[in-house]
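Colleague:
Number of protein chains: 4
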Amino acid sequence: MSERNIRITQASGQAVEDERVEVVERKGIGHPDSICDGLAEAVSQALAGAYLDRVGKVLHYNTDETQLVAGTSAPAFGGGEVIEPIYLLLVGRATKEYQGTRIPTDTIALEAAREYLDETFPHLDVGSDVIVDVRLGEGSGDLQEVFGEDGAVPMANDTSYGVGHAPLTETEQIVLNTERRLNGEYTDENPEIGQDIKVMGKREGDEIDVTVAAATVDAHVNDIHEYRDAVEGVREFVADLATEYTDRDVRVQVNTADDYEEGAIYLTTTGTSAEQGDDGSVGRGNRANGLITPNRPMSMEATSGKNPVNHIGKIYNLLSTEIAESVVAEVDGIRQLQVRLLSQIGSPIDDPHVADATIITADGVAISDVEDEVEAIIDEELADITGVTERVIDGDLSTF
Amino acid sequence: MSERNIRITQASGQAVEDERVEVVERKGIGHPDSICDGLAEAVSQALAGAYLDRVGKVLHYNTDETQLVAGTSAPAFGGGEVIEPIYLLLVGRATKEYQGTRIPTDTIALEAAREYLDETFPHLDVGSDVIVDVRLGEGSGDLQEVFGEDGAVPMANDTSYGVGHAPLTETEQIVLNTERRLNGEYTDENPEIGQDIKVMGKREGDEIDVTVAAATVDAHVNDIHEYRDAVEGVREFVADLATEYTDRDVRVQVNTADDYEEGAIYLTTTGTSAEQGDDGSVGRGNRANGLITPNRPMSMEATSGKNPVNHIGKIYNLLSTEIAESVVAEVDGIRQLQVRLLSQIGSPIDDPHVADATIITADGVAISDVEDEVEAIIDEELADITGVTERVIDGDLSTF
Amino acid sequence: MSERNIRITQASGQAVEDERVEVVERKGIGHPDSICDGLAEAVSQALAGAYLDRVGKVLHYNTDETQLVAGTSAPAFGGGEVIEPIYLLLVGRATKEYQGTRIPTDTIALEAAREYLDETFPHLDVGSDVIVDVRLGEGSGDLQEVFGEDGAVPMANDTSYGVGHAPLTETEQIVLNTERRLNGEYTDENPEIGQDIKVMGKREGDEIDVTVAAATVDAHVNDIHEYRDAVEGVREFVADLATEYTDRDVRVQVNTADDYEEGAIYLTTTGTSAEQGDDGSVGRGNRANGLITPNRPMSMEATSGKNPVNHIGKIYNLLSTEIAESVVAEVDGIRQLQVRLLSQIGSPIDDPHVADATIITADGVAISDVEDEVEAIIDEELADITGVTERVIDGDLSTF
Amino acid sequence: MSERNIRITQASGQAVEDERVEVVERKGIGHPDSICDGLAEAVSQALAGAYLDRVGKVLHYNTDETQLVAGTSAPAFGGGEVIEPIYLLLVGRATKEYQGTRIPTDTIALEAAREYLDETFPHLDVGSDVIVDVRLGEGSGDLQEVFGEDGAVPMANDTSYGVGHAPLTETEQIVLNTERRLNGEYTDENPEIGQDIKVMGKREGDEIDVTVAAATVDAHVNDIHEYRDAVEGVREFVADLATEYTDRDVRVQVNTADDYEEGAIYLTTTGTSAEQGDDGSVGRGNRANGLITPNRPMSMEATSGKNPVNHIGKIYNLLSTEIAESVVAEVDGIRQLQVRLLSQIGSPIDDPHVADATIITADGVAISDVEDEVEAIIDEELADITGVTERVIDGDLSTF
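Quick look at the structure:
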């Protein structure tokens, strides 16, 4: 048995899948809040990499505070333009000097931001559609000490917790995959759809409503007919996709705020509403599992941009999600699992104050049937906690 | 019976008060995230007031995006100084012209921010310790239409929800009141304690740990002995206070990160960690009820700074909390109540898609004993939904 | 005879007073360029003072780059308002740490700026009408060495020159005093006149045209009649004043761009055109003697904000003006004098490469009659060159 | 005879070529002040072009206020890096809407700035080495009226003047061409020399000292020997070049501030001192003829960035220089010519209050021998004044 404080209990309530009303949301990668999440994490990865390259270890930093100020645009069929640029302020703390080596944190941040924007937003012209500014201060003195000096597991320096869930409900799967696949296989083929895609799923009993707000890109939409086709294309794609995840009735609506008579449609020049009136910041959107799930406990922690070596909130949120997914993948008979990790100040982060797994078992399965297996997986994942850090630095773990 | 879609159901799980582990947090008004929340809401109130004065109605705006970039300071016993100022960027959207009347939204925002800072932070010298900058754009065209033109209840323009709870658990009450009373009756008498007070409550079974991180103000702390006294004073005050809310065992710890040998103590010049290394932004801290409660469903919505006339997320979060409190105050036999309001796009906001009350009744009380009363209160509160707007504008409702 | 390289020669041309056309200009203290000059110099004085207080010597800095971005206002009879604030960016270099002592250069700069604005602009509300931001970097490494360590005269580290003239022509006297006395004795009694007063003097033969553009302050001007009176008041004051400096014919025009029919008048809320559309920066306006004099050689050097200990351009411009004035005050028979100081890299600044005095003597006076006296004064003033530094730091020497 | 008020007179003094001491300076295109001049003018050209394209006429704007805040760098033999980026703030006024057409002035400015930087500074990585920000306000109401509506010559709206000279003295020619040819034919072949080249010429009698400060580019300089070679290469090139312009003795010194023992050399990563410690702004460096000439009357007017259609100071400074050059090119017997144009408020700009040519004729030539020719050329150039505007917009006239 593990020496870690792992507790496996039966959940007292219903599985979310069985609740009468379920609401799920995902802000796509082009949503202003997600742009900030993505930038914060891209800058974080670049800094972590630079520290490793230059001084052999990750120094203190947190870049979890990007602020986006929306621009103004004049989208038009066939191609409009940005009138006033989007303003992006990269904010955070970073160690700028270590034992005589200066680290160009600001230029690293700017480069990482530019690269991320260039790669993610094909319709956005960085430098004229967007101004990227940076204000990275140095942290408070006592935080500048180096952690993990000797490869040891870092100590928790805060009371924090993370929470993860598995498996996703059908509605959650639909919402998550709708955005991921639209922003990928679909937009690859259909450049008229931009990156700002917001998906809301609402299930009442066995009826699922999926509402998609998808920015269209004016250079690829020549008139209102093409716009209608673009919207209809998304609707069909999502309706189709949904059947892969559920047998329930799914109704898909796209761009419901459109008013064709008024000429009010969701047309953009850059593929994101940040071009016109929607500000954004880090940690305001998706949780670490990519979703906003009011039916489930969530952490308020902004995961994106946090230091993956020692920020306990970031690590525990990512790890608890990983654990939950691993358990469900490997252990049969689990209908719903919630994993919660609570840190213990001054203890190594692989030894949480408590690792708490709450399980709703499938019919005919008792907690006692699964608890050993679950505990073993939790124990193993905790033992490998520094693997989370590595995968975050390598960009293999999504944080929003 | 109400014509509104109100559903009262028995909750399926345990009351939070009965869960084995409970975690609660409150970021005090001087925490960098709360500074942003406070500014966002102060600016919002000022704008709403200015619109009412000048054009007789509240126009479109949202000021929910303040970004704080931490400064650098050199605190010292007896009085140190700020080395590099805090930078505050007020961000949002606001209508700048209406039927020929120009509204000086930027100067209104700056004035409101300065006033809020002056009133709230006695140790902060606005203008040299803090730079306040502003970037308020205009919203997208279709959002500029005026709502509530004729006093009618506005339509929901988004699918959004709010969630509220009552009563607070003992741990929640302790955490909330610890900060509120420290930042008030206590600091009035003890100027050595600053406004940046973070309170974490953790209950395991019947043992409650309250961890307070309280910034001290260097001008009022002349040496390490006075610092110790300051910390001990807070500990005693909180230990005392806790007994008002619980009979459980409470252990209070203050400034646990201090290391007297290393000279690492929580000494500040301005009373907030924003002076040195802690950035902040809106919506990253407390929920609308003033707490972060991972044991309970929470909304991700940033309540502070949102337009109180038509921002459905803001209104529903505040209203659901109000409803929960009213029900518990007026109806006996309710051990725990959760109220959730889900909007219906295109319907008046007083007629939500569903108003959902999940109840854990006290021993010996059945749902049927209370449901009529509960429904009546919910119905009545929904009917008076515009009262929420008014109280927000008047500053009578706290949003963080 | 001096060991310094001082050359006294007869000027080859006419005195400016005798040229057919003479043009002179002064941008008053409230002109956007002068606001920047004034701030740059106020910040410079504050930094120099702080360095002296804290480390006993003036360290490297230059704060000669303030940028003003105009705001937007809606002036109105009886009192209007600023719609979008003026944005001021204080820019420069400053030593932030010296032998372990950190100097809070940014907060010092912000405080000095605020104080200067508060004192100089009674109608400007710092904090809401103006945003003051700051970006002071550190200088290049080799410039951070301390100069004047031992009270010795600093070495010139650049080839630079300064030029000064005396006496002022009648037109120059009128232009200079018009602004100085309007912004002083006149506005003390007449608050309807703001600080932004621009004076242009043009002399053709014996006819002098003085054109004044004077901002009026809307809170003190209730209607068009009061505005006319305000303008007429200025005209009379200036016409009167001019007679003190000349017997020539003087024509005074005030606010010639007004068009009463169009309602185009020079009405402001804050007393400066910076509130609406006129940007400014350092070194774009008056030279060190307070004037722009295209009939005379001028230095391009921005004097305001430069380090008064070692910036050779600043020191030589101020000193050459001082020398010229001293000579003319003490030596009879000089109709026009120009003093030029040219530095020698690597030599002490009190030993210029050449100090060059070009003289137009009065009728009946030969160069030989005055050259010894002139040389002696130049020699003496050079010997006391560090006195210039002191007076600049004390604010006794105007730089614009 | 012309109906314009053109006056031709004999100058009363010496030609500058004959003065004993002459000082001339040019700040190269990579000097921080010149970077600002260049950007201001590039943005101006882009805006003028955009207005012509979109509304058929140039609307009101002035973009003459770029501010550069220096960065921090760590140059190193073989290639260093920028540590903190340069910050560039484009400032000015521009008409953003005209008869329903919105002009994306901010994005136009950003694009133009980026292009200019990319073309001019091969070693500067725009986006990570430089942040380009923009604050373009709208002008004051009465300035927004359209000028030149019907192709007519615009009216002068200010009392302003311009001054031009020809021919250049030998020293002036050397200084001007040193920088122009280094930044061109020389750097094309020698990438180790950067764009920040400052040239100071000092002539005493017949001895000319040319002092060049030339930034080297670290990626192309592998050690101190290569650095020495680079410096020596420049010296030889300039010494050679000088002989084309004078028979006087010329001494050339390059990077005199270097101290090899101390390791203090002029090595940069980007080719400009803006990367480390040297701020800059518009109008602080070269006059419209590319030089700073304290021996000659100069205009304080910042020419770069001003509106070429109606900014009288810009037009008159460029035109007076053009006139002087034309006259000297076409008329024999002129040793020195100064042309001054003084505007008349309310009159067409082709009809100045006075056009003033002051001439020093060659030996044996009388004013009366040349005055008709000179007057005719002045008259003709004034008649074609709008040609200046066109050439400025087309980028054919250099403003610094």
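Chains as they are written, first to last, in the working numbering: chain F, 1 to 400; chain H, 401 to 800; chain P, 801 to 1200; chain Y, 1201 to 1600.
Even for Gly, the Cβ is constructed at its ideal location relative to N, Cα and C.
Here the structure is a predicted model, which is why all the values come from computation and not from measurement.
(1) By the criterion of Cβ-Cβ separation under 8 Å, what are the contact partners of Y:Val-1326 in chain F?
(2) Let me confirm a value: Y:Ser-1504 is counted as buried when at least 16 other C-beta atoms fall within 10 Å, else exposed. Which label applies?
(3) Which value, in whole angstroms, describes the spacing of the CA atoms of P:Val-1054 and P:Thr-1011?
(4) In chain Y, which residues lie less than 7 Å from P:Asn-1095 when you measure between Cβ atoms?
(5) Helix, strand or coil for P:Leu-1041 per DSSP?
(6) If you drop the 5 nearest sequence neighbours on each side, which residues of the same chain put their C-beta closer than 7 Å to that of P:Ile-1203?
(7) Could you check the C-alpha separation between Y:Tyr-1251 and Y:Val-1258 for me, to the nearest Å?
(8) Just grab the DSSP bridge partners of H:Leu-490 for me.
(9) Is the shortest distance between the beta-carbon of F:Gln-173 and the beta-carbons of chain A less than 7 Å?
(10) Three Cβ pairs or more, each shorter than 8 Å: is that satisfied between the segment 916-932 of chain P and the segment 487-502 of chain H?
(11) Helix, strand or coil: how does DSSP classify H:Ala-411 here?
(12) Mind reading off the beta-carbon distance from Y:Val-1375 to Y:Leu-1491? Whole number of angstroms is fine, and I expect it under 8 Å.
(13) Give the single residue among Y:Gly-1228, Y:Ala-1313, Y:Gly-1249, Y:Gly-1546 whose Cα lies nearest to the Cα of Y:His-1260.
(14) Mind checking the segment 886-900 of chain P against chain Y and listing, in chain order, the residues whose C-beta falls within less than 7 Å of any C-beta there?
(15) Give the list of continuous beta strand (DSSP E) stretches no shorter than 3 residues that lie fully inside the segment 622-702 of chain H.
(16) Go through its chain and collect everything with a Cβ distance to P:Ala-842's Cβ below 8 Å, but skip five positions before and after it.
(17) Is it true that the CB of P:Asn-1117 sits closer than 7 Å to the CB of P:Ser-1099?
(18) Hey, how far is the Cα of Y:Gly-1271 from the Cα of Y:Glu-1284?
(19) Applying the 10 Å Cβ sphere with the 16-neighbour rule, what's the burial state of Y:Arg-1487?
(20) Sorted by chain position, which residues of the same chain lie with C-beta nearer than 7 Å to Y:Ile-1585's C-beta, five sequence neighbours on each side aside?
(21) Could you check which residue in F:Gln-276, F:Ala-239, F:Ile-377, F:Thr-361 has the C-alpha nearest to that of F:Val-130?
(22) Taking Cβ to Cβ, would you say Y:Asp-1423 is nearer than 7 Å to Y:Leu-1467?
(23) For Y:Ser-1212, decide whether its Cβ has a neighbour in chain P, counting only Cβ atoms nearer than 7 Å.
(24) In angstroms with no decimal places, state the Cα-to-Cα distance between H:Leu-543 and F:Gly-28.
(25) Scan the segment 849-877 of chain P for residues whose Cβ lies nearer than 7 Å to a Cβ of chain Y and list them as they occur along the chain.
(26) Could you check what DSSP says for P:Ile-1134 in three-state terms: helix, strand or coil?
(27) Between which two residues does the alpha helix (DSSP H) harbouring H:Arg-778 extend?
(28) Under 7 Å between the Cβ atoms of Y:Asp-1333 and Y:Leu-1289?
(29) Between which two residues does the beta strand (DSSP E) harbouring H:Glu-579 extend?
(30) By Cβ distance below 7 Å, which residues in the same chain neighbour H:Thr-498 in space, the five residues on each side in sequence not counted?
(31) Let me check understanding here. Comparing Cα to Cα, which of Y:Ala-1276, Y:Glu-1581, Y:Val-1216 lies closest to Y:Glu-1603?
(32) Which ranges would you report for the beta strand (DSSP E) in the segment 443-506 of chain H if only whole runs of at least 3 residues count?
(33) Would you verify that the beta carbon of P:Arg-935 is, or is not, closer than 7 Å to some beta carbon of chain Y?
(34) In the DSSP output, what is Y:Val-1417 paired with across the bridge?
(35) Suppose you measure from the CA of P:Glu-865 to the CA of Y:Cys-1236; what does that come to, to the nearest Å?
(36) Shortest alpha-carbon distance to P:Glu-1125 belongs to which of P:Asp-1009, P:Val-1038, P:Ile-1177, P:Pro-1108?
Modeller: Inspection of the coordinates gives the following:
(1) Along the fourth sequence, read from residue 1 onward, the residue named residue 1326 of chain Y stands at position 126. Those are Gly-127, listed as they occur along chain F.
(2) Along the fourth sequence, one-based indexing puts residue 1504 of chain Y at 304. Buried.
(3) Position 254 of the third sequence, counted from the first residue, corresponds to residue 1054 of chain P. Position 211 of the third sequence, counted from the first residue, corresponds to residue 1011 of chain P. So the alpha carbons of these two residues sit roughly 6 Å apart.
(4) Numbered from 1 along the third sequence, position 295 holds the residue referred to as residue 1095 of chain P. Ordered by position in chain Y, the residues that pass the 7 Å Cβ test against P:Asn-1095 are Pro-1497.
(5) The residue given as residue 1041 of chain P occupies position 241 in the third sequence. Helix, per DSSP.
(6) For chain P, the structure presents residues 801 to 1200; residue 1203 of chain P sits outside this window and is missing.
(7) Taking the first residue of the fourth sequence as 1, we reach residue 1251 of chain Y at position 51. Taking the first residue of the fourth sequence as 1, we reach residue 1258 of chain Y at position 58. Their Cα atoms are separated by approximately 5 Å.
(8) What you label residue 490 of chain H is simply residue 90 of the second sequence in a count that begins at 1. H:Val-534, per the DSSP bridge assignment.
(9) The structure shown contains no chain A; its protein chains are F, H, P and Y.
(10) no
(11) Reading the second sequence from its first residue, position 11 is the one you call residue 411 of chain H. For H:Ala-411, the secondary structure class from DSSP, reduced to helix, strand or coil, is coil.
(12) The residue labelled residue 1375 of chain Y in the question sits at position 175 within the fourth sequence. The residue labelled residue 1491 of chain Y in the question sits at position 291 within the fourth sequence. Their Cβ separation, rounded to whole angstroms, is 6 Å, which keeps Y:Val-1375 and Y:Leu-1491 in contact under 8 Å.
(13) Looking up residue 1260 of chain Y in the fourth sequence gives position 60. When each option's Cα is compared against that of Y:His-1260, the closest is Y:Gly-1249.
(14) Tyr-887, Leu-889, Val-891, Gly-892, Arg-893
(15) 649-654
(16) For the purposes of this step, residue 842 of chain P is taken as residue 42 along the third sequence, with counting starting at 1. Around P:Ala-842: Ala-912, Ala-913, Glu-915, Tyr-916.
(17) Numbered from 1 along the third sequence, position 299 holds the residue referred to as residue 1099 of chain P. Numbered from 1 along the third sequence, position 317 holds the residue referred to as residue 1117 of chain P. Contact flag set, yes.
(18) Counting from 1 along the fourth sequence, the entry for residue 1271 of chain Y is found at position 71. Counting from 1 along the fourth sequence, the entry for residue 1284 of chain Y is found at position 84. Each residue's Cα considered, the two are about 5 Å apart.
(19) Mapped onto the fourth sequence, residue 1487 of chain Y falls at position 287. Y:Arg-1487 is buried by the Cβ-count criterion.
(20) Looking up residue 1585 of chain Y in the fourth sequence gives position 385. Counting only Cβ-Cβ distances below 7 Å, and skipping sequence neighbours, we find Val-1353, Ile-1515, Leu-1519, Ile-1549, Asp-1550.
(21) Taking the first residue of the first sequence as position 1, residue 130 of chain F is located at position 130. Comparing Cα positions, the closest option is F:Gln-276.
(22) The residue labelled residue 1423 of chain Y in the question sits at position 223 within the fourth sequence. The residue labelled residue 1467 of chain Y in the question sits at position 267 within the fourth sequence. No.
(23) Start at 1 with the first residue of the fourth sequence, and residue 1212 of chain Y comes out as number 12. Yes, Y:Ser-1212 lies at the interface with chain P (some Cβ there is under 7 Å from its Cβ).
(24) The residue you call residue 543 of chain H lines up with position 143 of the second sequence. The residue you call residue 28 of chain F lines up with position 28 of the first sequence. Reliability fails at H:Leu-543, whose pLDDT of 46 lies under 50, so the model's placement of it is uncertain and the value that follows must be treated cautiously. Whole-angstrom Cα-Cα distance: 21 Å.
(25) Those would be Glu-865, Gln-867, Val-869, Ala-870, Thr-872, in chain order.
(26) The sequence position of residue 1134 of chain P within the third sequence is 334, counting from 1. Of the three classes helix, strand and coil, the one that applies to P:Ile-1134 here is strand, per DSSP.
(27) Taking the second sequence and counting its residues from 1, the one referred to as residue 778 of chain H is at position 378. One point to set straight first is that residue 778 of chain H is Ile, not Arg, in the sequence displayed. Segment 767-783, the alpha helix (DSSP H) holding H:Ile-778.
(28) Counting from one through the fourth sequence, the residue named residue 1333 of chain Y turns up at place 133. Counting from one through the fourth sequence, the residue named residue 1289 of chain Y turns up at place 89. The answer is yes: Cβ separation under 7 Å.
(29) Numbered from 1 along the second sequence, position 179 holds the residue referred to as residue 579 of chain H. Element bounds for H:Glu-579: not the beta strand (DSSP E) but the alpha helix (DSSP H), 570-581.
(30) Sequence index remark: in the second sequence, residue 498 of chain H carries index 98 (1-based). Just to set this straight, residue 498 of chain H is Tyr in the shown sequence, not Thr. Hits under 7 Å: Val-455, Leu-459.
(31) What is shown of chain Y runs 1201 to 1600, which leaves residue 1603 of chain Y out entirely.
(32) As summarised for the segment 443-506 of chain H, the continuous beta strand (DSSP E) elements at least 3 residues long and confined to that stretch are 467-469, 472-474, 481-484, 486-494, given in chain order.
(33) The residue given as residue 935 of chain P occupies position 135 in the third sequence. Yes, its Cβ sits closer than 7 Å to a Cβ of chain Y.
(34) Along the fourth sequence, read from residue 1 onward, the residue named residue 1417 of chain Y stands at position 217. In DSSP, Y:Val-1417 forms a bridge with Y:Thr-1468.
(35) Your numbering for residue 865 of chain P matches position 65 in the third sequence. Your numbering for residue 1236 of chain Y matches position 36 in the fourth sequence. Looking at the two C-alpha atoms, the distance is approximately 12 Å.
(36) Residue mapping note: residue 1125 of chain P aligns to position 325 of the third sequence, counting from 1. Nearest to P:Glu-1125 by C-alpha distance, out of P:Asp-1009, P:Val-1038, P:Ile-1177, P:Pro-1108, is P:Ile-1177.
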